[in-house]
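Letter 39 of the sequence shown, counting from 1, is numbered 38 in numbering that gives the first Met the number 0, and no numbers are missing. Positions of the beta carbon are idealized from the N, C-alpha and C atoms, including for glycine. Note that this is a predicted model, so its numbers are computed, not measured. First the structure, in the form of structure tokens, and then the observations on it.
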Amino acid sequence: MQEKKKTTDIQPAINGKKNLSFGQRSADRMTKFLGNWTFIFIFLFFLLSWMSVNTLAWWLAWDPFPFILLNLCLSSLAAFQAPIIMMSQNRQAERDSQTAKYDYAVDRKAEREIQAIQQELAEIKSLLETKLAK
0 MQEKKKTTDI QPAINGKKNL SFGQRSADRM TKFLGNWTFI FIFLFFLLSW
50 MSVNTLAWWL AWDPFPFILL NLCLSSLAAF QAPIIMMSQN RQAERDSQTA
100 KYDYAVDRKA EREIQAIQQE LAEIKSLLET KLAK
């Protein structure tokens, strides 16, 4: 006889962070930081400061106007950010898939329970009809 799985046996890991590798945890943390307004404002301040110092304070300029060094830094940042963001998105897609499977299992169980309740109600109804008919 096949043993039925309980719905709670297939529940997605809510606290699955302990099963993650160091790289996965790092990607999640970095994506969380890179995807918020604090990072955007810090980065905007950094860019404006870099351009202002190198444009207005010509005696301090380490990267004059076409900002080649800034371009290199931004390109390097983008080269590192893209795979990190993609790793985090892949993990999110995996979590979404687990959640969808869990939701499906819960829905199927609820459907079976509702069908059983409807069948019992039909039996009760027929019993009441036979008793009332007497």
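Cα-Cα separation between residue i and residue j, rounded to whole angstroms
i	j	result
Ala121	Asp27	52 angstroms
Gln1	Lys17	In this prediction, Gln1 scores a pLDDT of 49, lower than 50, which makes its location untrustworthy; the coordinate-derived value is nonetheless stated afterwards. Their backbone Cα atoms lie some 32 angstroms apart in a straight line.
Leu68	Gln23	31 angstroms
Ser125	Lys108	26 angstroms
Ala104	Arg94	15 angstroms
Leu55	Gln80	30 angstroms
Ser74	Asn89	23 angstroms
Phe42	Gly34	12 angstroms
Ile116	Asp106	15 angstroms
Trp57	Leu47	15 angstroms
For residue j and residue i, believed in contact at Cβ under 8 angstroms, the rounded distance
i	j	result
Phe66	Met50	7 angstroms
Residue i - DSSP class collapsed to helix/strand/coil
i	result
Lys124	helix
Lys133	coil
Ser74	helix
Leu135	Residue numbering for the chain in the displayed model covers 0 to 133; residue 135 lies beyond these limits and cannot be assessed.
Pro82	helix
Ile113	helix
Under 7 angstroms between C-beta atoms of residue i and residue j
i	j	result
Ala60	Asn70	no
Thr30	Ser87	yes
*Kindly provide the ranges of any alpha helix (DSSP H) runs that are 4 or more residues long and lie completely inside the stretch 28-63, ordered along the chain.*
36-55
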